[in-house]
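Trainee:
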Amino acid sequence: DQQVKQNSPSLSVQEGRISILNCDYTNSMFDYFLWYKKYPAEGPTFLISISSIKDKNEDGRFTVFLNKSAKHLSLHIVPSQPGDSAVYFCAAKGGGSEKLVFGKGMKLTVNP
Amino acid sequence: GAGVSQTPSNKVTEKGKYVELRCDPISGHTALYWYRQSLGQGPEFLIYFQGTGAADDSGLPNDRFFAVRPEGSVSTLKIQRTERGDSAVYLCASSLMRAIGQETQYFGPGTRLLVL
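Heads up: the protein sequence lines correspond to chains A and B, in order. With my numbering applied, the first sequence corresponds to residues 4 to 115, in that order. With my numbering applied, the second sequence corresponds to residues 242 to 357, in that order.
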């Protein structure tokens with residue numbers, strides 16, 4: 004069973020608008036969540052993270068929101084730029100384990 | 242560049258052969274991780290080292306897979322008797338270990354393995 008789910012395989016937005024990427028998880032032991040961005044033929048690049056003791060973390064254009072009761076997190080990118088076009092992975096860990104559990108990823112396309 | 246490096250970047254081998262994949266972590270990072278990413282999927286955990294020892298090898302799919310980190314820095318992932326299903330991108334990551342559960346893992350570019 005998939006413990007981290009990214010249910011939308013792709014998203015297309017216009018430059019300057021907001022991109023909202025969603026992620027759901029099932030394991031209540033998860034207490035640390037990360038977003039990675041991946042360009043073709045490169046490894047995942049760390050973007051932003053959030054601990055379960057917070058419900059929001061912001062870094063420049065990127066904000067991650069965590070709703071523990073709903074086991075849901077989202078990544079907001081404002082304003083979106085063409086260079087943000089990539090595959091975005093949601094990942095989680097917890098319960099004393101250091102291994103990251105990833106979603107399947109979502110392809111974001113930002114159109115100029 | 243101070244990032245995680247992996248060699249080779251690409252490896253083509255024949256079914257049944259033995260391969261070794263190498264990972265150089267970020268200098269000073271004590272934790273090292275191996276993941277495998279198949280097409281259309283997210284990375285899947287294989288093994289995690291804290292220093293020289295394997296702290297968690299629960300993701301290794303079977304006994305054909307083995308990894309070492311003899312001096313607590315460079316790691317080698319070894320695959321014996323390769324099968325076509327082993328074809329994937331093998332990713333290495335490293336992190337500091339100052340606080341359990343709060344460290345970010347930084348990934349290398351991966352090794353693309355193709356088993357013919």
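Using N, Cα and C, we set each Cβ at its ideal position, and we do this for glycine too. None of these values were measured; they are calculated from a predicted model.
1) Taking Cβ positions only, does residue 290 of chain B come closer than 8 Å to chain A?
2) Beta-carbon separation of residue 46 of chain A and residue 332 of chain B under 8 Å?
3) At what residues does the beta strand (DSSP E) containing residue 331 of chain B begin and finish?
4) Kindly indicate if chain B contains any beta-carbon less than 8 Å away from that of residue 52 of chain A.
5) Do residue 278 of chain B and residue 329 of chain B have their CB atoms nearer than 8 Å?
6) Can you give me the Cβ contacts of residue 310 of chain B inside the same chain, cut-off strictly under 7 Å, excluding the 5 residues immediately before and after it?
7) So the candidates are A:113, A:107, A:33; which of them puts its Cα closest to the Cα of residue 281 of chain B?
8) Find out if the Cβ-Cβ distance for the pair residue 86 of chain A, residue 33 of chain A is shorter than 8 Å.
9) Can you tell me which of A:41, A:15, A:55, A:61 puts its alpha carbon nearest to the alpha carbon of residue 69 of chain A?
10) Do the segment 319-328 of chain B and the segment 7-24 of chain A meet, that is, are 3 or more Cβ pairs less than 8 Å apart?
11) For chain B, find out if any of its Cβ atoms is closer than 8 Å to the Cβ of residue 91 of chain A; answer yes or no.
12) What are the boundary residues of the beta strand (DSSP E) that includes residue 391 of chain B?
13) Spell out whether any CB of chain B is found under 8 Å from the CB atom of residue 65 of chain A.
14) What span of residues does the beta strand (DSSP E) with residue 285 of chain B cover, start to end?
15) Residue 25 of chain A lies in the beta strand (DSSP E); which residues open and close that run?
16) Please tell me whether residue 113 of chain A and residue 22 of chain A are closer than 8 Å, where the distance is taken between their beta carbons.
17) In chain order, which continuous runs of the beta strand (DSSP E) of length 3 or greater are located wholly inside the segment 24-106 of chain A?
18) Comparing the C-beta of residue 106 of chain A with each C-beta of chain B, is any distance below 8 Å?
19) Using a Cβ cut-off of 8 Å, pull out every chain A residue sitting near residue 327 of chain B, in sequence order please.
20) Find the nearest neighbour of residue 104 of chain A within the set A:94, A:67, A:81, judged by alpha-carbon distance.
21) Take residue 355 of chain B and list the residues in its own chain whose beta-carbon comes closer than 6 Å to its own, dropping the five residues that flank it on each side.
22) By alpha-carbon positions, which one of A:110, A:109, A:30 ends up nearest to residue 75 of chain A?
23) Note down, in chain order, every chain B residue with its Cβ under 7 Å from the Cβ of residue 49 of chain A.
24) Pull up the DSSP beta-bridge partners for residue 10 of chain A, would you.
Mentor: To lay it out plainly:
1) no
2) yes
3) 329-336
4) yes
5) yes
6) 273, 290, 293, 316
7) A:107
8) no
9) A:55
10) no
11) no
12) Examination of residue 391 of chain B is not possible in this model, given that chain B is present from 242 through 357 alone.
13) no
14) 285-291
15) 22-28
16) yes
17) 33-41, 48-54, 59-62, 65-70, 75-80, 89-97
18) yes
19) The premise fails here: residue 327 of chain B is roughly 19 Å from chain A at the closest Cβ pair, so nothing lies under 8 Å.
20) A:94
21) 253, 328
22) A:30
23) 345, 347
24) Partner(s): none; residue 10 of chain A has no beta bridge.
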